[in-house]
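Q:
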Amino acid sequence: MSIFYFKDLSMTVSFLRKVVVGIACTWLAFSAHASTISRTYTALGQVASIDGARTDVNDVTRYAYDAQGNLTTVTNALGQVYALASFDSYGNPQSITDPNGVVTTLSYTPQGWLASLTIDSSTTQYAYNEVGDLLQVTTADGNWVKYSYDDARRLIGVRNRLGESINYTLDPMGNRTAERTKDVNGTVVHLQRRVFDELGRL
Numbered sequence: 351m352s353i354f355y356f357k358d359l360s361m362t363v364s365f366l367r368k369v370v371v372g373i374a375c376t377w378l379a380f381s382a383h384a385s386t387i388s389r390t391y392t393a394l395g396q397v398a399s400i401d402g403a404r405t406d407v408n409d410v411t412r413y414a415y416d417a418q419g420n421l422t423t424v425t426n427a428l429g430q431v432y433a434l435a436s437f438d439s440y441g442n443p444q445s446i447t448d449p450n451g452v453v454t455t456l457s458y459t460p461q462g463w464l465a466s467l468t469i470d471s472s473t474t475q476y477a478y479n480e481v482g483d484l485l486q487v488t489t490a491d492g493n494w495v496k497y498s499y500d501d502a503r504r505l506i507g508v509r510n511r512l513g514e515s516i517n518y519t520l521d522p523m524g525n526r527t528a529e530r531t532k533d534v535n536g537t538v539v540h541l542q543r544r545v546f547d548e549l550g551r552l
């Protein structure tokens, strides 16, 4: 059994306890607010189940995998099953079926990034730059949203097909010090400024 203590920035103390029985492993997370979240793992270290903090109802989510280690099913506390299938060489599922039988078909780029998502013949497409930052999302009706980044790969702008946009000003730590929202005419309709201290706190 191993116990770890850690404190977050809000000064909340948490405890993490490892319980091993045979090859089964369970991690129990405790917080100062008296809530417990437990996770069990397979012999290969994959998450087998997550039992949430609620004690009044069943809130266990279970996960199953194939022989290659690909996640094949996710079963929620209500017994509803999400099935993943047709995995590519990266282990990405090319088909996901929800509990209602709705099938989502996915395709990927040679780098393994999501390229398209199709539901009921309606396809959303995704485009990236050479390092994998998302540049554009285009929906089946032709509408799109584009994203721009600075040299540090931090998001600094978002705009849509209508011409509406949001631009972010960042400090050296990456904090958003200003946020400007413009309408289709380029007029600033919302401006928000933020000030952070030397530790990055608002």
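For reference, each letter of the sequence shown is one residue, going 351 to 552 in the numbering used here.
Note that the Cβ used here is the ideal one computed from N, Cα and C, for glycine as well.
What would DSSP say about ILE373, mapped onto helix, strand or coil?
A: Only weak support exists for where ILE373 lies, its pLDDT of 45 falling under 50; the coordinates are left without a value.
Q: Could you tell me the alpha carbon to alpha carbon distance between ASP438 and SER472, rounded to whole angstroms?
A: Near 22 Å, if we compare the C-alpha coordinates of SER472 and ASP438.
Q: Quickly, what does DSSP pair PRO336 with across the bridge? List them, please.
A: Because the chain spans 351 through 552 in this model, residue 336 falls outside it and cannot be assessed.
Q: Nearest CA to the CA of SER399: which residue from VAL539, THR411 and SER498?
A: Among VAL539, THR411 and SER498, the Cα nearest to that of SER399 is on THR411.
Q: If GLY441 and TRP463 are in contact, beta carbons under 8 Å, what's the gap, nearest whole angstrom?
A: Not a contact, Cβ separation roughly 13 Å.
Q: Compare the beta carbon distance of TYR432 and GLN444 with 9 Å and say whether it is the shorter of the two.
A: Result no, Cβ atoms of TYR432 and GLN444 do not sit closer than 9 Å.
Q: Considering GLN475, what are the terminal residues of the beta strand (DSSP E) in which it resides?
A: Element bounds for GLN475: 472-478.
Q: Might you give, ordered along the chain, the residues of its own chain that have their beta carbon closer than 8 Å to the beta carbon of VAL453, omitting 5 neighbours on each side?
A: Closer than 8 Å at Cβ, skipping near neighbours: SER445, ILE446, THR447 and ILE469.
Q: So, with DSSP's three-state summary, where would you put LEU378?
A: A caution first: LEU378 carries a pLDDT of 49, below 50, which makes its placement in the model too unreliable to give a value.
Q: Rounded to whole angstroms, what's the CA-CA distance from GLN569 to LEU467? Just pull it up for me.
A: Because the chain here runs from 351 to 552, residue 569 falls outside it and cannot be looked at.
Q: Comparing C-alpha positions only, which one of ASP521, PHE546 and LEU512 sits nearest to ASN535?
A: Ranking the options by Cα distance to ASN535, first place goes to LEU512.
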